[in-house]
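Below is one structure, written out as structure tokens; comments come after it.
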Amino acid sequence: MRNRVRRFRGPFHKPRPVDYANASAEVRAVFDDIKATRKLADVNNFWKYLAADPALLKRTWETQKAVLAPGALDRLVKELIYLAVSVTNGCSYGIACHTALARKAGMTDAMFAELMAVVGMANQTNRFADGFRLPIDDAFNE
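Read in the numbering used here, the sequence shown has 1390 at position 115, and its numbers run on one by one without any break.
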């Protein structure tokens, strides 16, 4: 029997963005909170697409809002971390969004360049450590 790859030939179902004017009251409440918290005139596409599933939108916003709230790390540090993870994951949307948010929080061009150097070096040396299957030093296990 031959192995056959089944190819999908129908149209790809892609969620559609939900604009404020067409949003339910539940979605509008989340959009309003995002706009107020981030001091924006409108929410970005990330939130508009998540709004196709109001429960997902609400859960994601509440979690992100809590994680990015003031704490032991300030907002700029948190946005730099978010940007670094987006770069490492190859998420162009996350890179664009969190570069803008980090700049809004005070990131300079010099900070961005240094962050990219750290991200690049960390990814390179992590791969060396994994590739060489390095044992963890006892000093790091304390």
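Where a beta carbon is used, it is the ideal one built from N, C-alpha and C, also for glycine.
Give me the Cα-Cα distance between residue i and residue j, rounded to the nearest whole angstrom.
i, j, result
"Asn1319", "Lys1340", "15 Å"
"Pro1431", "Leu1351", "Residue numbering for the chain in the displayed model covers 1276 to 1417; residue 1431 lies beyond these limits and cannot be assessed."
"Val1342", "Gly1369", "16 Å"
"Glu1396", "Gly1365", "The question names Glu, yet the displayed sequence has Met at residue 1396. Spanning the two alpha carbons is a distance of roughly 16 Å."
"Ala1380", "Ala1371", "14 Å"
"Leu1409", "Arg1402", "11 Å"
"Ala1388", "Ala1300", "42 Å"
"Trp1322", "Glu1417", "42 Å"
"Val1394", "Asp1317", "31 Å"
"Tyr1324", "Ala1298", "11 Å"
"Ala1404", "Ala1385", "28 Å"
"Ala1414", "Gly1406", "21 Å"
"Leu1332", "Thr1374", "22 Å"
"Lys1314", "Leu1348", "20 Å"
Going by DSSP, what residue range makes up the alpha helix (DSSP H) through residue i?
i, result
"Ser1367", "Ser1367 to Lys1379"
"Thr1312", "Ala1300 to Arg1313"
"Val1342", "Pro1329 to Leu1343"
For residue i, decide whether its Cβ has a neighbour in chain C, counting only Cβ atoms nearer than 9 Å.
i, result
"Gly1369", "Protein chains in the displayed structure number just one, and chain C is not present."
My output table needs one value for residue i: the three-state DSSP class, helix, strand or coil.
i, result
"Asn1320", "helix"
"Ile1356", "helix"
"Arg1405", "Before going further, note that residue 1405 is Asp rather than Arg in the sequence given. It is helical."
"Thr1363", "helix"
"Thr1400", "helix"
"Leu1348", "coil"
"Met1382", "coil"
"Glu1417", "coil"
"Ala1326", "coil"
"Val1293", "coil"
"Met1276", "Legend: pLDDT at Met1276 = 49, less than 50; position of this residue unreliable, value from coordinates given subsequently. Here Met1276 sits in coil by DSSP."
Which one of the options has the shortest CA to CA distance from residue i?
i, options, result
"Thr1312", "Val1393, Glu1337 and His1373", "Glu1337"
"Asp1328", "Lys1353, Asp1308 and Val1293", "Val1293"
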